[in-house]
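S.K.: Numbering (the numbering used here), first residue to last: 30 to 291. Even glycine gets a Cβ: it sits at the ideal position worked out from N, Cα and C.
See the structure below:
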């Protein structure tokens, strides 16, 4: 019965998604025609023009190179932020000395506007790759750290007491006690992090204006090619959607596996 209800909800959600997408493109198309008639077609290209540009991109080597560069930078920044965030969040929750030292720093990092880091990164880094990786890292690292730190506060104390009582090894405690309970917090941080990754990467590349998807957007802006800006935005949206779906799949499988163990 539960499976039937879930499938019914997913089917209904899918139907509404396609309806809303159709309405979105329809409104966009009407608005584009009106602006082209009243002002200038360059201001808002039609969905058809944007799709045409996107299909033209597929046959260009620079398109795939730009995506590869952006993926590489985003992946490095995300992985560094996730790994270091998990470690610091764990030790903040485990040791009060670490918590007292790093908590004000994490709050400061989380509340500092991204634009401030962008301005500083332009001064600090000569290479656009280093700048982009830094911006991605600094956007996700405090979020992941705080998520894991909060997860440590939600651990079941009775399970920890039992592990100590029965002298369970630290390694077994890590993989059978800590990780299963912390995973929902890690997963939530990772999912939010993937959404932020492409925004951070694109902003950094746009300002450096050399290569990657953001660099191509900067070039399109200089050439007043609005359709290309929209097309590259569409590419970033696709990357974000694919990343989110991957995290959704990993999360469901892992939570189900560890849920059976706990």
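Hey, which unbroken runs of the alpha helix (DSSP H) at 4 residues or more fall wholly within the segment 79-148?
M.R.: 90-123, 125-140, all fully within the segment 79-148.
S.K.: Pull up the CB-CB distance for residue 165 and residue 107, whole angstroms please, since I reckon it's below 8 angstroms.
M.R.: So it is a contact: roughly 6 angstroms between Cβ atoms.
S.K.: For residue 147, collect the residues of the same chain with a Cβ closer than 7 angstroms to its Cβ; drop the 5 residues on either side in sequence, then sort them by chain order.
M.R.: Cβ within range, chain order: 164, 232, 233, 236.
S.K.: Examine the Cβ distances between the segment 53-71 and the segment 206-225 and report whether three or more of them are shorter than 8 angstroms.
M.R.: Judged by Cβ distances under 8 angstroms, the segment 53-71 makes no contact with the segment 206-225, as fewer than three pairs qualify.
S.K.: Would you kindly report the start and end of the unbroken alpha helix (DSSP H) that includes residue 170?
M.R.: Run containing residue 170: 157-182, per the alpha helix (DSSP H) assignment.
S.K.: Under 8 angstroms by Cβ, that's how I've got residue 257 and residue 127 pegged, so tell me the actual separation to the nearest angstrom.
M.R.: Going by Cβ atoms, the distance from residue 257 to residue 127 rounds to 48 angstroms, so no, they are not a contact pair.
S.K.: If residue 118 and residue 174 are in contact, beta carbons under 8 angstroms, what's the gap, nearest whole angstrom?
M.R.: Contact flag correct, Cβ pair sits at about 4 angstroms.
S.K.: Are there three or more Cβ pairs, one per stretch, closer than 8 angstroms when the segment 245-264 is compared with the segment 69-85?
M.R.: Yes, the segment 245-264 touches the segment 69-85.
S.K.: Since residue 245 is in the alpha helix (DSSP H), which residue starts that stretch and which ends it?
M.R.: First-last of the alpha helix (DSSP H) with residue 245: 241-251.
S.K.: Let me make sure I understand the geometry here. Which of 185, 143, 276 has the alpha-carbon closest to that of residue 224?
M.R.: For the residues 185, 143, 276, the minimum Cα distance to residue 224 belongs to 276.
S.K.: Alpha carbon to alpha carbon, how far is residue 186 from residue 241? Give it in angstroms, no decimals.
M.R.: Taking the straight line from one Cα to the other gives about 47 angstroms.
S.K.: Is it right to say residue 294 is buried, meaning 16 or more other beta carbons lie within 10 angstroms of its own, or is it exposed?
M.R.: Residue 294 is absent from the structure shown; the chain starts at 30 and stops at 291.
S.K.: Determine the burial state of residue 292: buried for a count of at least 16 other Cβ atoms within 10 Å of its Cβ, exposed for fewer.
M.R.: Summary: the structure shown does not reach residue 292, with the chain confined to residues 30 through 291, and so no result is reported for it.
S.K.: Alpha carbon to alpha carbon, what distance is there between residue 52 and residue 281?
M.R.: If I take the Cα positions, the gap works out to 31 angstroms.
S.K.: Quick one, are the C-beta atoms of residue 227 and residue 268 less than 8 angstroms apart?
M.R.: Their beta carbons are under 8 angstroms apart, which means residue 227 touches residue 268 by this criterion.
S.K.: Closest by CA to residue 170, which one among 182, 238, 136, 149?
M.R.: Among 182, 238, 136, 149, the Cα nearest to that of residue 170 is on 136.
S.K.: Residue range of the alpha helix (DSSP H) that residue 209 falls in?
M.R.: Note, residue 209: alpha helix (DSSP H), 208-237.
S.K.: Mapping the DSSP letters down to three states, classify residue 60 as helix, strand or coil.
M.R.: Of the three classes helix, strand and coil, the one that applies to residue 60 here is helix, per DSSP.
S.K.: Could you give the C-beta distance for residue 183 and residue 220, rounded to a whole number, given that I count them as a contact under 8 angstroms?
M.R.: Actually they do not touch by this definition, with Cβ atoms about 18 angstroms apart.
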